[in-house]
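Input: a single structure, listed below in structure tokens.
Chains as they are written, first to last, in the numbering used here: chain A, 1 to 128; chain B, 1001 to 1347.
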């Protein structure tokens, strides 16, 4: 199991959000989620520049076993996507909290962060 | 949930356990892709003791099997061999698929799927009554599959046997068959649980990796083997399930269950064929396929670890052309129809 960094906030649907120094927010899926999916073979990422609303399905992650929608934990503009995932989606399995990030958002309303689960609450949920 | 005698091994060795037809089985031990590749390139072992082993007693077993199975048991009487056959009901629809093994003399063994074990147990008993054949359902049997290009080397360390495909060797406490569900050279080793435990531990000590059900599924699909319950059910007959070759009508006097229904069937309007696509994404079971003048449905679909793309089986109208289309998350996907054995076709 990958160590869960303490500065992450989570959606119940297993996405994490991390606020960066420049005010942007990076989004990925949890170690628990990648474990449930198994070997990941494709991702579909959102378009850079698109406007997304909290809990829109904006990306898809597909493993050998199943395809799953990825929801955005925050509203805002997509600033950047992790192009490396297109060729090497297995990075999500090996590094869900670092190299396996999905996209970065310029949040419209940073207050939305407080509506997310903290690490402890998420761990409790994912273990139940 | 039911457990095989190796359950504790699976749990203690990283097996991600799932409910498979009422059995707690390992779906993978970490990465199904690594396990798949290990079998294609080297060797792996599978615990498939959840499958059902039936032995028979009585002097009329040949007659019983001639009637029970659409494939003709007489094909394997001359040598100790295994024979693949579907199991049909009297409407000619598929109840299961299985392998029957000739143990020697007039003795036979059937190994069939896990999800159909109770159905088959009842069915065999009902049919066997007419032939004074007794059915022995060996619920505690061990089945270990040793599969991969190096399987022979590892088998030979333990047993002095050389087996051609679909041949078997029946020793005192273990039956070895050169059969499998991966498309590789391989063996299935049937014994009681205590002997199975020794064999399993021996293979693990030799460094052979255990392989879970998820890799078993991608391996069989690359080899074009049907999965009962997905690619064929009791709603399908053999001719629309790529199993016409198992229906042996060569002996006019042999009356097997489902024969008259199959003879009455109108020309088969559907076919089970392979498909592959380079599109990003995986067309999975249940996805509709369409083309000019016809349509079909995906019965099994996966991402192929060997070929790095989406492959699968689909049941389509007989007039299918070279290519078809399907929808995947609102995207239009173009796919190619092909033979079912991807290991040969895509090589």
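We treat Cβ as the ideally placed atom computed from N, Cα and C, and that holds for glycine.
- In summary, residue 1028 of chain B is buried, with 16 or more beta-carbon neighbours lying within 10 Å of its beta-carbon over all protein chains present.
- Across the stretch 1214 to 1231 of chain B, CB contacts with chain A closer than 7 Å involve 1214, 1218, in sequence order along the chain.
- Contact annotation: in the stretch 69 to 87 of chain A, no residue has its CB less than 8 Å from a CB in chain B.
- Residue 1261 of chain B and residue 1296 of chain B have their C-alpha atoms spaced approximately 24 Å apart.
- Between the stretch 1088 to 1108 of chain B and the stretch 1146 to 1161 of chain B, the count of C-beta pairs closer than 8 Å stays below three; the two stretches do not touch.
- By the Cβ criterion, the stretch 1233 to 1250 of chain B is not in contact with the stretch 1198 to 1216 of chain B, since fewer than three pairs of Cβ atoms, one from each stretch, lie closer than 8 Å.
- Take the alpha-carbon of residue 1174 of chain B and the one of residue 1084 of chain B: they are about 20 Å apart.
- Contacts with chain A (Cβ-Cβ distance below 9 Å) from the stretch 1267 to 1290 of chain B involve 1280, 1281, 1282, 1284, listed in chain order.
- Rounded to the nearest whole angstrom, the C-alpha separation of residue 1056 of chain B and residue 1179 of chain B is 20 Å.
- Of the other Cβ atoms in all chains shown, 16 or more fall within 10 Å of the Cβ of residue 62 of chain A; this residue is therefore buried.
- Burial of residue 82 of chain A is indicated by the presence of at least 16 other C-beta atoms within 10 angstroms of its C-beta.
- Along the stretch 1018 to 1031 of chain B, going in chain order, the ones with a CB nearer than 7 Å to a CB of chain A are 1028, 1031.
- Ranked by Cα distance from residue 74 of chain A, the first of A:44, A:12, A:112, A:18 is A:112.
- One Cα belongs to residue 1050 of chain B, the other to residue 110 of chain A, and the distance between them is close to 53 Å.
- Around residue 1040 of chain B, no beta-carbon contact reaches into chain A at under 7 Å, the shortest distance being about 14 Å.
- With a minimum length of 3 residues, the unbroken runs of beta strand (DSSP E) contained wholly in the stretch 36 to 76 of chain A fall at 40 to 44, 57 to 63, 67 to 71.
- According to the DSSP secondary-structure assignment, residue 31 of chain A is paired through a beta bridge with no residue.
- The beta-carbon distance between residue 1189 of chain B and residue 1146 of chain B, rounded to whole angstroms, is 7 Å. This is short enough to meet the 8 Å contact definition.
- By the neighbour-count definition (other C-beta atoms within 10 Å, threshold 16), residue 1270 of chain B is a buried residue.
- Chain B has no Cβ within less than 7 Å of the Cβ of residue 49 of chain A.
- Contact annotation: residue 1184 of chain B and residue 1342 of chain B have beta-carbon atoms that are not nearer than 7 Å.
- With a threshold of 7 Å between beta carbons, residue 1311 of chain B makes no contact with chain A.
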